[in-house]
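Protein chains in written order, with the working numbering: chain A, 628 to 889; chain B, 4 to 374.
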């Protein structure tokens with residue numbers, strides 16, 4: 628296994644997914660995306676302004692080579708709304724990938740598990756490649772996988788909070804049982820958080836605020852790209868276990884003969 | 004007789020923190036991990052004025068983290084200035100000499116065209132108080148026409164019944180803006196000299212009706228200058244928290260309108276200077292990190308530029324407070340108040356970009372709620 632990510636029959640050479648909100652200009656957004664090396668970029672339908680009206684993000688994104696667009700359903704409060712957004716976004720963007728996000732409470736933006744599960748099943752039936760943003764709940768992760776989702780995207784902490792991997796223990800449980808890629812979405816603050824997620828065995832991470840809100844988004848995108856690669860490599864290399872006791876590098880009993888093989 | 008303040012709205016328990024604070028308490032309030040009404044009161048105390056710079060820096064950091072380097076834009080469109088109301092501070096009050104009119108269908112279409120051509124996809128339709136010429140049916144018709152052209156339509160008008168709000172929501176209106184003006188019942192009674200708006204409780208409970216009727220956004224505010232700004236700011240905070248507990252899916256915004264010169268020459272009893280206005284905005288940003296804070300063209304270009312991204316995340320642009328006026332550049336009516344920041348869309352956006360902020364013209368898609 629190299630630095631590749633497999634989702635719904637597609638292969639991506641980068642394990643970093645990038646969001647497009649909060650940037651100070653479409654130009655900086657585009658340069659950050661290019662620097663990140665990502666091949667999967669998410670964008671909200673509400674930021675589409677067809678015909679490249681003012682503030683349109685679809686136009687600038689479609690000019691970046693080598694990326695696949697994954698519209699998201701941000702703004703939806705119910706399954707019905709998310710499904711409607713997904714269909715319109717697919718028509719406009721031509722992408723069957725959909726990042727399903729239903730976070731009805733605008734104050735903490737926590738995902739609604741009930742509506743998300745309902746929408747996921749319907750979108751899978753409608754032929755979408757569904758990546759649901761979800762609470763870090765191991766049972767819900769399996770239910771979404773059973774519903775046909777192509778990946779699960781548990782939150783590290785609240786969107787835009789920069790609180791890092793607050794849910795690490797739950798994400799480990801999700802990874803242990805998952806048959807689809809586990810992608811940590813939301814809350815990552817620094818490249819160290821992204822590396823930590825990859826070291827845990829996540830298939831990828833999605834980053835937006837940490838790049839867009841950095842003093843230099845382009846440099847930060849590059850830093851995340853390097854951290855994701857390093858974390859992934861470390862996971863593949865096999866990280867030494869944690870022990871509460873010291874483990875001497877020169878054991879005291881190595882002079883003794885091995886026990887006889889029975 | 005004045006209305007009685009409900010217990011959940013009463014800011015009295017917190018006012019002592021605003022009156023008897025000290026700089027150590029202010030420093031603690033700025034960096035509190037879970038700020039509440041006590042911290043808001045502390046940040047509005049006179050002692051906080053000497054710590055305005057650290058307040059501003061913290062507010063800017065929160066705004067950047069939550070809203071990024073973006074400012075969402077909207078424009079107000081007055082569709083009528085008929086008004087039977089007697090609000091002492093308002094240029095559209097019934098006793099002001101004004102040309103009274105409402106937009107007809109063709110005029111509305113031209114105004115919407117003119118706004119659309121400027122790239123604006125977020126429009127707030129405004130009226131005076133309820134009259135036979137400007138009632139729920141007229142507004143419903145305006146909303147329907149506007150929503151077919153522009154993605155995001157909200158309304159700032161008189162307090163309605165839940166059924167009336169439902170009518171607007173069904174026609175494509177996604178948000179309501181309605182300021183209590185002042186939460187002080189006695190003062191409210193004095194400045195609303197006659198007309199339907201005299202009913203304090205009816206106005207206070209309008210947000211609950213609008214949100215129950217399916218509105219997604221609600222804009223709250225007080226008219227700064229009318230009453231004690233600390234009292235009104237704390238009551239506004241209490242009102243917002245009350246609404247959030249009931250309507251947990253709704254998105255709220257807070258505006259900071261200061262009284263501006265108007266045709267009737269009303270003099271504010273509690274004038275709020277720019278320094279205090281800035282502190283109000285920083286304090287609300289620190290205590291309500293995820294609530295949209297709005298600043299309109301009532302304020303100067305210089306002040307708006309300095310508040311953009313340092314607390315404020317939504318701004319009106321190129322506003323006209325006359326009935327219509329976007330299409331031809333003139334309107335036969337006077338304005339509700341005088342606009343201070345008169346920059347056009349291009350200049351305003353150029354200045355925002357110069358500050359490292361991206362103007363967001365479209366942040367909603369009508370497909371979400373399309374039938």
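Heads up, the beta-carbon is just placed ideally off N, CA and C, and yes, glycines get one too.
As the structure is a computational prediction, the values presented were derived from the model and not from experiment.
Candidates B:18, B:19, B:42, of which the one nearest residue 28 of chain B by Cα:
Start at 1 with the first residue of the second chain, and residue 28 of chain B comes out as number 25. Checking every option, the nearest Cα to that of residue 28 of chain B belongs to B:42.
Alpha carbon to alpha carbon, how far is residue 125 of chain B from residue 674 of chain A?
Start at 1 with the first residue of the second chain, and residue 125 of chain B comes out as number 122. Start at 1 with the first residue of the first chain, and residue 674 of chain A comes out as number 47. The alpha-carbon atoms of residue 125 of chain B and residue 674 of chain A are separated by roughly 12 angstroms.
Would you identify the three-state DSSP class for residue 284 of chain B, choosing helix, strand or coil?
Taking the second chain and counting its residues from 1, one reaches residue 284 of chain B at position 281. It is helical.
Cβ shell of residue 304 of chain B (< 7 angstroms), same chain only, five flanking positions each side left out
Translated into the one-based positions of the second chain, residue 304 of chain B becomes position 301. Taken in chain order, the residues that qualify are 344, 346.
Burial state of residue 847 of chain A (16 or more Cβ within 10 Å)
Residue numbering aside, residue 847 of chain A sits at position 220 when the first chain is read from its first letter. So residue 847 of chain A counts as buried.
Mind listing which residues of the stretch 732-764 of chain A have their C-beta closer than 7 angstroms to chain B's C-betas, in chain order?
732, 733, 734
With residue 182 of chain B as the anchor, note down where its beta strand (DSSP E) starts and where it stops.
Taking the second chain and counting its residues from 1, the one referred to as residue 182 of chain B is at position 179. Note, residue 182 of chain B: premise wrong, no beta strand (DSSP E); not H, not E.
Give the residues from the stretch 669-701 of chain A that approach chain B closer than 8 angstroms (Cβ to any Cβ), ordered along the chain.
672, 673, 674, 675, 676, 680, 681, 682, 683
Is residue 668 of chain A near residue 694 of chain A, with beta carbons less than 9 angstroms apart?
Residue numbering aside, residue 668 of chain A sits at position 41 when the first chain is read from its first letter. Residue numbering aside, residue 694 of chain A sits at position 67 when the first chain is read from its first letter. Against a cut-off of 9 angstroms, the Cβ pair of residue 694 of chain A and residue 668 of chain A comes out as a contact.
I'd like to know if residue 253 of chain B contacts chain A, where contact means its C-beta is closer than 9 angstroms to some C-beta of that chain.
Here residue 253 of chain B refers to the residue found at position 250 of the second chain. So, interface residue.
Spatial neighbours of residue 862 of chain A within its chain, please: C-beta separation below 8 angstroms, excluding the five flanking residues on both sides.
As a working mapping, residue 862 of chain A is identified with position 235 in the first chain. So the list reads 825, 826, 827, 828, once near-sequence residues are dropped.
Any Cβ of chain A within less than 9 angstroms of the Cβ of residue 363 of chain B?
The count along the second chain starts at 1 and reaches residue 363 of chain B at position 360. It does: the Cβ of residue 363 of chain B has a partner Cβ on chain A nearer than 9 angstroms.
Outcome for residue 157 of chain B when other beta-carbon atoms lying within 10 angstroms are tallied against a minimum of 16:
Taking the second chain and counting its residues from 1, one reaches residue 157 of chain B at position 154. Buried, since its Cβ has 16 or more Cβ neighbours within 10 Å.
Would DSSP call residue 628 of chain A helix, strand or coil?
Along the first chain, one-based indexing puts residue 628 of chain A at 1. Confidence in residue 628 of chain A is poor, its pLDDT being 46 and thus under 50, which makes the residue's placement unreliable; the coordinate value appears in the next sentence. Three-state DSSP puts residue 628 of chain A in coil, outside helix and strand.
Should residue 708 of chain A be flagged as near chain B, meaning a C-beta pair shorter than 9 angstroms?
The count along the first chain starts at 1 and reaches residue 708 of chain A at position 81. Interface residue, yes.
When the Cα atoms are used, what is the spatial distance from residue 51 of chain B to residue 873 of chain A?
Position 48 of the second chain, counted from the start, is the residue given in the question as residue 51 of chain B. Position 246 of the first chain, counted from the start, is the residue given in the question as residue 873 of chain A. The alpha-carbon atoms of residue 51 of chain B and residue 873 of chain A are separated by roughly 52 angstroms.
Does the Cβ of residue 4 of chain B have 16 or more other Cβ atoms within 10 Å, making it buried, or fewer, making it exposed?
Start at 1 with the first residue of the second chain, and residue 4 of chain B comes out as number 1. Its Cβ having fewer than 16 others within 10 Å, residue 4 of chain B is exposed.
If we define contact as Cβ-Cβ less than 9 angstroms, is residue 221 of chain B a contact residue for chain A?
As a working mapping, residue 221 of chain B is identified with position 218 in the second chain. Not closer than 9 angstroms to any Cβ of chain A, the Cβ of residue 221 of chain B fails to qualify, so no.
Cβ neighbour criterion (16 or more within 10 Å) applied to residue 639 of chain A
To locate residue 639 of chain A, count along the first chain from 1; it is residue 12. Its Cβ being crowded by 16 or more others within 10 Å, residue 639 of chain A is buried.
Taking Cβ to Cβ, would you say residue 253 of chain B is nearer than 9 angstroms to residue 288 of chain B?
Translated into positions along the second chain, residue 253 of chain B becomes position 250. Translated into positions along the second chain, residue 288 of chain B becomes position 285. Not in contact: residue 253 of chain B and residue 288 of chain B (Cβ atoms no closer than 9 angstroms).
Residues in the same chain with beta-carbon distance under 8 angstroms from residue 98 of chain B, minus the five sequence neighbours each way, listed in chain order, please.
On the second chain, residue 98 of chain B is found 95 positions in, with the first residue counted as 1. Answer for residue 98 of chain B: 89, 267, listed in chain order.
Under 9 angstroms between C-beta atoms of residue 797 of chain A and residue 763 of chain A
If you number the first chain from 1, residue 797 of chain A lands on position 170. If you number the first chain from 1, residue 763 of chain A lands on position 136. Contact flag set, yes.
Residues of chain A with CB under 8 angstroms from residue 70 of chain B, in chain order?
Residue 70 of chain B sits at position 67 when you count from the first residue of the second chain. Correct list: 649.
Chain A contact residues for residue 359 of chain B, given Cβ-Cβ distances below 8 angstroms:
Residue mapping note: residue 359 of chain B aligns to position 356 of the second chain, counting from 1. 651, listed in chain order.
Does the stretch 183-200 of chain B come within contact of the stretch 137-152 of chain B, defined as at least 3 CB pairs closer than 8 angstroms?
no
When the distance is taken between beta carbons, is residue 348 of chain B closer than 9 angstroms to residue 121 of chain B?
As a position in the second chain, residue 121 of chain B is number 118, starting the count at 1. As a position in the second chain, residue 348 of chain B is number 345, starting the count at 1. Their beta carbons are under 9 angstroms apart, which means residue 121 of chain B touches residue 348 of chain B by this criterion.
For residue 158 of chain B, which three-state DSSP category applies?
Taking the first residue of the second chain as 1, we reach residue 158 of chain B at position 155. Residue 158 of chain B falls in the strand class under three-state DSSP.
Name the residue from A:746, A:725, A:823 whose alpha carbon lies nearest to the alpha carbon of residue 756 of chain A.
Numbered from its first residue, the first chain carries residue 756 of chain A at position 129. Looking at the Cα atoms, A:725 is the closest of the given residues.
Pair every Cβ in the stretch 44-60 of chain B with every Cβ in the stretch 18-27 of chain B, then say whether three or more of these pairs are closer than 8 angstroms.
yes
Using a Cβ-Cβ distance cut-off of 9 angstroms, determine whether residue 352 of chain B contacts chain A.
On the second chain, residue 352 of chain B is found 349 positions in, with the first residue counted as 1. So, interface residue.
By DSSP, does residue 691 of chain A sit in helix, in strand, or in coil?
Along the first chain, read from residue 1 onward, the residue named residue 691 of chain A stands at position 64. The answer is coil: DSSP assigns residue 691 of chain A none of H, G, I, E or B.
Of all Cβ atoms in chain B, is any one closer than 9 angstroms to the Cβ of residue 787 of chain A?
Within the first chain, numbered from 1, the residue matching residue 787 of chain A stands at position 160. So yes, residue 787 of chain A belongs to the interface.
Element boundaries [alpha helix (DSSP H), containing residue 139 of chain B]:
Against the second chain, residue 139 of chain B aligns to sequence position 136. Looking at the DSSP string, the run of the alpha helix (DSSP H) that includes residue 139 of chain B is 139-150.
Specify whether the stretch 786-796 of chain A and the stretch 766-776 of chain A touch according to this definition: at least 3 beta carbon pairs, one from each stretch, less than 8 angstroms apart.
no
Could you confirm whether any beta carbon from chain B is found closer than 9 angstroms to the beta carbon of residue 728 of chain A?
The count along the first chain starts at 1 and reaches residue 728 of chain A at position 101. Cβ-Cβ to chain B under 9 angstroms: no for residue 728 of chain A.
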